[in-house]
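To keep things clear, I will list the structure first and then write my remarks on it.
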């Protein structure tokens, strides 16, 4: 059966869950066996110096901020899920009824790897609270935004039939942009750059929806931005230390990780799945 069934998608979810449980076990062992001394000598981030987030900084532990570190596994979960979808699309790329993103599995693969990159990068930052970790964390965040914008722009050019060579060049171009954002992020504040990227993605999703509204899910389109809106509000409250308990199991920034992971996946799923499919 060429079309992805709900049963197969549930299987992919299960596999992603198992991989995530494995990562939880690995991270828990590292946090038990290693101490905070491993980060000594590395430049402390501005975020740590200004106590940007509510969670208490346990400098003696390998994970300085446990909840803000473990919560990054939400990105890992969706990354593994998307990589499975990419692999499935690659195996079925000769299917003539695939939609535009299904016919470009490399783009889905890039999206999946960016999720995992952010998961590891943000975990590195919250575990160490170092300047290097903060740079990798932000670049991981931009990598997901850039990949989603690349997917949106690819769909905006739906009248152009991309050759396999063009698709590879598209991926290389996105990778170059992601790398270029390492210095760019130092020149432009994320408080200005990220909202612009989110608005551009919103515009691309709106255009694509109105062009193909019979095939695309309005719920996924809206859900991606509703979740992002809620995430931003919760992150703002966390930074402002409103209802803040540094030692609580609940941490607003950890919820931000969960909601932004879900939001980004919803935006990806809007392009990847069509109403005409069983899923």
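Residue numbers (this note's numbering): 1314 to 1592. Here a beta-carbon is modelled for each residue, glycine too, at the ideal position from N, C-alpha and C.
Quick one: give me the first and last residue of the alpha helix (DSSP H) that residue i is part of.
i            : result
residue 1585 : 1565-1585
residue 1386 : 1386-1404
residue 1442 : First-last for residue 1442: undefined, no H or E at that position.
residue 1548 : 1531-1552
residue 1349 : Residue 1349 -> no alpha helix (DSSP H), and no H or E assigned at all.
residue 1368 : Neither: residue 1368 is in no alpha helix (DSSP H) and is coded neither H nor E.
residue 1357 : Careful: residue 1357 lies outside any alpha helix (DSSP H) and carries neither H nor E.
residue 1479 : 1477-1500
residue 1527 : Taken as a continuous stretch (DSSP letters only), residue 1527 belongs to no alpha helix (DSSP H), as it is neither H nor E.
residue 1318 : Segment: none, residue 1318 is in no alpha helix (DSSP H) and carries neither H nor E.
residue 1379 : 1379-1383
Ordered along the chain, which non-local residues of its own chain (more than five positions away) have a Cβ less than 7 Å from that of residue i?
i            : result
residue 1533 : 1579, 1582 and 1583
residue 1423 : 1460, 1484 and 1487
residue 1399 : 1418, 1421, 1422 and 1425
residue 1331 : none
residue 1525 : none
residue 1554 : 1367
Answer yes or no: do residue i and residue j have a C-beta to C-beta separation smaller than 8 Å?
i            : j            : result
residue 1431 : residue 1457 : yes
residue 1463 : residue 1514 : no
residue 1443 : residue 1358 : yes
residue 1368 : residue 1559 : yes
residue 1537 : residue 1576 : yes
residue 1588 : residue 1529 : yes
residue 1337 : residue 1375 : no
residue 1469 : residue 1512 : no
residue 1540 : residue 1495 : no
residue 1564 : residue 1381 : yes
residue 1455 : residue 1492 : no
residue 1568 : residue 1366 : no
residue 1346 : residue 1383 : no
Which residues in the same chain as residue i place their Cβ atom closer than 6 Å to its Cβ, once the five residues preceding and following it in sequence are excluded?
i            : result
residue 1428 : 1388, 1391 and 1392
For residue i, count the other beta carbons within 10 Å of its own beta carbon; 16 or more makes it buried, fewer makes it exposed. Which is it?
i            : result
residue 1452 : buried
residue 1570 : buried
residue 1257 : Within the shown structure, residues of the chain are numbered from 1314 to 1592, placing residue 1257 beyond reach of any answer.
residue 1450 : buried
residue 1413 : buried
residue 1479 : exposed
residue 1447 : buried
residue 1439 : buried
residue 1335 : exposed
residue 1562 : exposed
residue 1585 : buried
residue 1415 : buried
residue 1542 : exposed
Cβ of residue i less than 8 Å from any chain C Cβ?
i            : result
residue 1507 : The chain labelled as chain C is not found in the depicted structure, where only one protein chain is given.
Just checking my contact of residue i with residue j at CB under 8 Å: how many whole Å lie between their CB atoms?
i            : j            : result
residue 1548 : residue 1566 : 6 Å
residue 1401 : residue 1500 : Not a contact, Cβ separation roughly 40 Å.
residue 1378 : residue 1385 : Their Cβ separation, rounded to whole angstroms, is 11 Å, which puts residue 1378 and residue 1385 out of contact at 8 Å.
residue 1396 : residue 1326 : Their Cβ separation, rounded to whole angstroms, is 13 Å, which puts residue 1396 and residue 1326 out of contact at 8 Å.
Spatial neighbours of residue i within its chain, please: C-beta separation below 8 Å, excluding the five flanking residues on both sides.
i            : result
residue 1474 : none
residue 1333 : 1386, 1389, 1390 and 1393
residue 1466 : 1517
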